[in-house]
Amino acid sequence: MKASTIKMLQSKKEQIIELWMENQMEDPTLREDLMSNEDLRVQSIELIDTLLHTLNEGNSTQVESQDFEPVFEILAGISLSRARQGYTPRETATFIFSLKDAIFSVLGENISDLSLLNQELLEVSKLIDSLGIVTFETFIQGREEVILRQTDEIAEISTPIIRVWDGIIALPIIGTLDSARTQIVMENLLVEIVNSESSIAILDISGVPAVDSLVAQHLIKTVSATRLMGAECIISGIRPEIAQTIVHLGIDLSSIITKATLASALRQAFTMLQLEVTKVRKDKKV
Amino acid sequence: MDRIPILKMGQFLLVTIQIDLYDRIALNLETDLVQMIHKTGARGVLIDISAVSIVDSFMGRILGNIATMSKILDAETVVVGMQPAVAITLVELGLPLNGVFTALNVERGMNLLQSRLASNPDEEEDEDDNPE
Chain A
4 MKASTIKMLQ SKKEQIIELW MENQMEDPTL REDLMSNEDL RVQSIELIDT
54 LLHTLNEGNS TQVESQDFEP VFEILAGISL SRARQGYTPR ETATFIFSLK
104 DAIFSVLGEN ISDLSLLNQE LLEVSKLIDS LGIVTFETFI QGREEVILRQ
154 TDEIAEISTP IIRVWDGIIA LPIIGTLDSA RTQIVMENLL VEIVNSESSI
204 AILDISGVPA VDSLVAQHLI KTVSATRLMG AECIISGIRP EIAQTIVHLG
254 IDLSSIITKA TLASALRQAF TMLQLEVTKV RKDKKV
Chain B
-18 MDRIPILKMG QFLLVTIQID LYDRIALNLE TDLVQMIHKT GARGVLIDIS
32 AVSIVDSFMG RILGNIATMS KILDAETVVV GMQPAVAITL VELGLPLNGV
82 FTALNVERGM NLLQSRLASN PDEEEDEDDN PE
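Each protein sequence line maps, in turn, to chains A and B.
Note that the numbering used here has the first sequence beginning at 4, numbered continuously upward.
Note that the numbering used here has the second sequence beginning at -18, numbered continuously upward.
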């Protein structure tokens, strides 16, 4: 890009900002509910300031150069915050691409030499495209961070261990069991068995949507590990559909105590611990 | 060479493994234990592995071997106090130690052995009855 063009752009900064804001305001996807127009304006001005400040004759075609670091930093900050606020990809992309139109019209008004105009337009277009790519990369990165955090949270909250009775603990499993989760479930269960000195663990799978051979294998592993610790494991909450799938898949669960409901598992546990639950008699003999 | 002490408690043998088992020590333990069962006529073996934090397939096999050998010599084996990490490792190695009894701690292991022994004399009596 010619030095004169850059100088012209710098002097027309106010006009570019106005045009850009106008473009953004006209856009039907503008999210006034997520960000006020003042905030948007502050963001836009900061970005343009830094961009025009960075731009010089040498580096306009080399977006990879170190000079653009500050611009990228601002862009990354903007798109990260947008990713967290819940902007759609289209809205985020529109933010940076609407700048193109603003600069184009300023260039068009001020450069009369057609071949020069053509060349400058191409360069500006390229520059903004790479800015767009950076915006998008960081946007996706931000979204992935959100997803990762949620996955961690799910893994943390989804394995509560309930002490049902002295020596009996229950572990309701909700959601699909994959290898990573089984590992967490197994570890928590075994550690809790040691801590509470429980001899019976009830694994309730009423919240598991489907059982395939892999999930069944994970369950069998958990039961074997519990037995190695010296405790007995009962699997409860087996729905009819799951019983059907297990048989159709040819999975052998005969070595494991299975019960249809948590109540019957608890009853079984009481029997194993030689406990008896009786109704209190209220024979009021005066 | 380090040896793991084998304590005699009534009809049972008590083995407490306080160190990480190396192959050599494990093999010695196997030999010593079988000799000891033979010498004392013990009816049960209780192995406490609560201090063992590392286990490999060899160690798993040794535990299985000890159980099978004791069974041949008419003694039950109970492994007690297994750490969660050890249990997970054994399961992942595909060694669920079938035929070995397990208990959470030494106390429960002893109770288990005693109840096993309490149910066994009946069989002995039956065997005694038959020849007569």
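Virtual Cβ for every residue (Gly too), placed ideally from N, Cα, C.
All values derive from a computational prediction rather than experimental measurement.
(request) Would you tell me roughly how many angstroms separate the C-alpha atoms of M200 (chain A) and A86 (chain A), rounded to the nearest one? (result) In the first sequence, residue 200 (chain A) corresponds to position 197, counting from 1. In the first sequence, residue 86 (chain A) corresponds to position 83, counting from 1. Sequence check: residue 200 (chain A) is Glu here, not Met. C-alpha separation (whole angstroms): 47 angstroms.
(message) Determine, for A2 (chain A), whether the minimum Cβ-Cβ distance to residues of chain B falls below 9 angstroms.
(response) Chain A is shown only over 4 to 289; residue 2 (chain A) falls outside these bounds and no answer can be derived.
(message) Check this for me: beta carbons of S202 (chain A) and R89 (chain B), under 9 angstroms apart or not?
(response) Position 199 of the first sequence holds residue 202 (chain A). Position 108 of the second sequence holds residue 89 (chain B). Yes, the pair counts as a contact, with Cβ atoms nearer than the cut-off.
(request) Output yes if chain A places a C-beta closer than 9 angstroms to the C-beta of I(-13) (chain B); else output no. (result) Taking the second sequence and counting its residues from 1, one reaches residue -13 (chain B) at position 6. Answer no: the Cβ-Cβ gap between I(-13) (chain B) and chain A never drops below 9 angstroms.
(request) In the DSSP assignment, find the alpha helix (DSSP H) that holds V250 (chain A) and state where it starts and stops. (result) In the first sequence, residue 250 (chain A) corresponds to position 247, counting from 1. That run of the alpha helix (DSSP H) goes 243 to 252.
(request) Please specify which runs of the alpha helix (DSSP H), each continuous and at least 4 residues long, are wholly inside the region 85 to 122 of chain A, giving them in chain order. (result) 92 to 113
(message) Alpha carbons only, please: which of B:G45, B:D(-17), B:Q16, B:L(-6) is nearest the one belonging to D1 (chain B)?
(response) Position 20 of the second sequence holds residue 1 (chain B). The candidate whose alpha carbon is nearest that of D1 (chain B) is B:D(-17).
(message) Counting only Cβ pairs nearer than 9 angstroms, list the residues of chain A close to L98 (chain B).
(response) What you label residue 98 (chain B) is simply residue 117 of the second sequence in a count that begins at 1. Neighbours of L98 (chain B) in chain A, taken as residues whose beta carbon is under 9 angstroms from its own, are absent, since the nearest beta carbon is some 18 angstroms off.
(message) Please report the straight-line C-alpha distance between T229 (chain A) and V137 (chain A), rounded to a whole angstrom.
(response) Counted from its first residue, the first sequence places residue 229 (chain A) at position 226. Counted from its first residue, the first sequence places residue 137 (chain A) at position 134. Cα to Cα, T229 (chain A) sits roughly 50 angstroms from V137 (chain A).
(request) Please go through the same chain and pick out, in chain order, the residues whose beta-carbon is closer than 6 angstroms to the beta-carbon of D55 (chain B), but skip the five residues on each side of it. (result) For the purposes of this step, residue 55 (chain B) is taken as residue 74 along the second sequence, with counting starting at 1. Within the same chain, D55 (chain B) has no close Cβ partners at all.
(message) Does the CB of D107 (chain B) have a neighbour CB from chain A at under 9 angstroms?
(response) The residue given as residue 107 (chain B) occupies position 126 in the second sequence. Unreliable placement is indicated for D107 (chain B), whose pLDDT of 43 sits below 50; no coordinate value is reported for it.
(request) Since I believe I81 (chain A) is in contact with I19 (chain A) (beta carbons under 8 angstroms), could you give me their beta-carbon distance rounded to a whole number of angstroms? (result) For this step, residue 19 (chain A) is matched to residue 16 along the first sequence. For this step, residue 81 (chain A) is matched to residue 78 along the first sequence. The Cβ separation is near 17 angstroms, so there is no contact.
(message) Strictly under 9 angstroms for the Cβ-Cβ distance: is Q(-1) (chain B) near chain A by that measure?
(response) If you number the second sequence from 1, residue -1 (chain B) lands on position 18. Closer than 9 angstroms: no.
(request) Indicate whether S239 (chain A) and A263 (chain A) have their beta-carbon atoms separated by less than 9 angstroms. (result) Sequence index remark: in the first sequence, residue 239 (chain A) carries index 236 (1-based). Sequence index remark: in the first sequence, residue 263 (chain A) carries index 260 (1-based). Yes. Within cutoff.
(request) Using only alpha-carbon positions, find the residue among B:R5, B:D4, B:L10 that is nearest to T(-3) (chain B). (result) Translated into positions along the second sequence, residue -3 (chain B) becomes position 16. Taking only the C-alpha atoms, the option nearest T(-3) (chain B) is B:L10.
(request) Identify which residue in B:S96, B:V33, B:D13, B:V36 has its Cα closest to the Cα of E57 (chain B). (result) What you label residue 57 (chain B) is simply residue 76 of the second sequence in a count that begins at 1. Measuring from the Cα of E57 (chain B), the nearest candidate turns out to be B:S96.
(message) Which of the three DSSP states is assigned to P175 (chain A) in this structure?
(response) The residue given as residue 175 (chain A) occupies position 172 in the first sequence. Correct three-state label for P175 (chain A): strand.
(request) Output the residue ranges of the alpha helix (DSSP H) runs that lie fully inside the region -17 to 59 of chain B and measure 4 residues or longer, sorted by chain position. (result) Entirely contained in the region -17 to 59 of chain B, the alpha helix (DSSP H) runs reaching 4 residues are, in chain order, 4 to 21, 38 to 53.
(request) May I ask you to report which of helix, strand or coil DSSP gives D109 (chain B)? (result) Taking the first residue of the second sequence as 1, we reach residue 109 (chain B) at position 128. Per-residue confidence for D109 (chain B) stands at a pLDDT of 43, beneath the threshold of 50, marking its modelled position as unreliable; no derived number is given.
(request) Please list, in chain order, all residues of the same chain as E104 (chain B) whose beta carbon is under 7 angstroms from its beta carbon, the five residues on each side excluded. (result) Taking the first residue of the second sequence as 1, we reach residue 104 (chain B) at position 123. Residue placement at E104 (chain B) cannot be trusted, given a pLDDT of 49 that sits under 50; what the coordinates show is reported in the next sentence. So the list is empty, once near-sequence residues are dropped.
(message) I need the straight-line Cα distance from M275 (chain A) to E244 (chain A), nearest angstrom please.
(response) Counting from one through the first sequence, the residue named residue 275 (chain A) turns up at place 272. Counting from one through the first sequence, the residue named residue 244 (chain A) turns up at place 241. Rounded to the nearest angstrom, the two C-alpha atoms are 28 angstroms apart.
(request) Can you tell me which of A:S108, A:V149, A:L193 puts its alpha carbon nearest to the alpha carbon of P163 (chain A)? (result) Position 160 of the first sequence, counted from the first residue, corresponds to residue 163 (chain A). For the residues A:S108, A:V149, A:L193, the minimum Cα distance to P163 (chain A) belongs to A:L193.
(message) Taking 9 angstroms as the threshold (C-beta atoms), are I28 (chain B) and V61 (chain B) in contact?
(response) Within the second sequence, residue 61 (chain B) is the residue found at index 80, counting from 1. Within the second sequence, residue 28 (chain B) is the residue found at index 47, counting from 1. Yes, Cβ-Cβ distance for V61 (chain B) and I28 (chain B) is below 9 angstroms.
(request) Could you tell me the boundaries of the alpha helix (DSSP H) in which I237 (chain A) lies? (result) For this step, residue 237 (chain A) is matched to residue 234 along the first sequence. Careful: I237 (chain A) lies outside any alpha helix (DSSP H), inside the beta strand (DSSP E) at 235 to 239.
(message) Measuring only the C-alpha atoms, how far is T8 (chain A) from S68 (chain A)?
(response) As a position in the first sequence, residue 8 (chain A) is number 5, starting the count at 1. As a position in the first sequence, residue 68 (chain A) is number 65, starting the count at 1. Going by the C-alpha atoms only, they are around 20 angstroms apart.
(message) For I53 (chain B), count the other beta carbons within 10 Å of its own beta carbon; 16 or more makes it buried, fewer makes it exposed. Which is it?
(response) Numbered from 1 along the second sequence, position 72 holds the residue referred to as residue 53 (chain B). I53 (chain B) is exposed by the Cβ-count criterion.
(message) Give me the residue from A:L269, A:D215, A:L222, A:W168 with the minimum Cα distance to Q247 (chain A).
(response) For the purposes of this step, residue 247 (chain A) is taken as residue 244 along the first sequence, with counting starting at 1. Ranking the options by Cα distance to Q247 (chain A), first place goes to A:D215.
(message) Cβ closer than 8 angstroms: which chain A residues qualify as neighbours of A84 (chain B)?
(response) In the second sequence, the residue the question calls residue 84 (chain B) occupies position 103. The answer, in chain order, is G233.
(request) Taking all protein chains shown into account, decide if I131 (chain A) is buried (16 or more other Cβ within 10 angstroms of its Cβ) or exposed. (result) Along the first sequence, read from residue 1 onward, the residue named residue 131 (chain A) stands at position 128. The residue is buried, with at least 16 neighbouring Cβ atoms inside 10 Å.
(request) With DSSP collapsed to three states, give me the class of E104 (chain B). (result) As a working mapping, residue 104 (chain B) is identified with position 123 in the second sequence. Below a pLDDT of 50, predicted positions are generally treated as unreliable, and E104 (chain B), at 49, falls in that range; the measurement from the model is reported next regardless. Looking at E104 (chain B) - three-state DSSP - the assignment turns out to be helix.
(request) Starting from T83 (chain B), follow the beta strand (DSSP E) in both directions and report where the run begins and ends. (result) Taking the first residue of the second sequence as position 1, residue 83 (chain B) is located at position 102. Counting along the chain, the beta strand (DSSP E) containing T83 (chain B) begins and ends at 82 to 84.
(message) Let's see if you can read the secondary structure: which residues bound the alpha helix (DSSP H) around D52 (chain A)?
(response) Within the first sequence, numbered from 1, the residue matching residue 52 (chain A) stands at position 49. First-last of the alpha helix (DSSP H) with D52 (chain A): 40 to 57.
(request) Within the same chain, show all residues whose beta-carbon is closer than 7 angstroms to that of M24 (chain A), passing over the 5 residues directly before and after it, in chain order. (result) As a first step, residue 24 (chain A) must be located in the first sequence, where it is residue number 21. Cβ within range, chain order: R44, S47.
(request) Would you list the residues sitting across from T261 (chain A) in a DSSP beta bridge? (result) As a position in the first sequence, residue 261 (chain A) is number 258, starting the count at 1. Paired residues: A:I238.
(request) Return the first residue and the last residue of the alpha helix (DSSP H) that I20 (chain A) is part of. (result) Within the first sequence, the letter at position 17 stands for residue 20 (chain A). Element bounds for I20 (chain A): 16 to 29.
(request) Tell me, please, which residues DSSP counts as bridged to R284 (chain A). (result) Working through the first sequence from its first residue, we reach residue 284 (chain A) at position 281. In the DSSP assignment, R284 (chain A) is bridged to no other residue.
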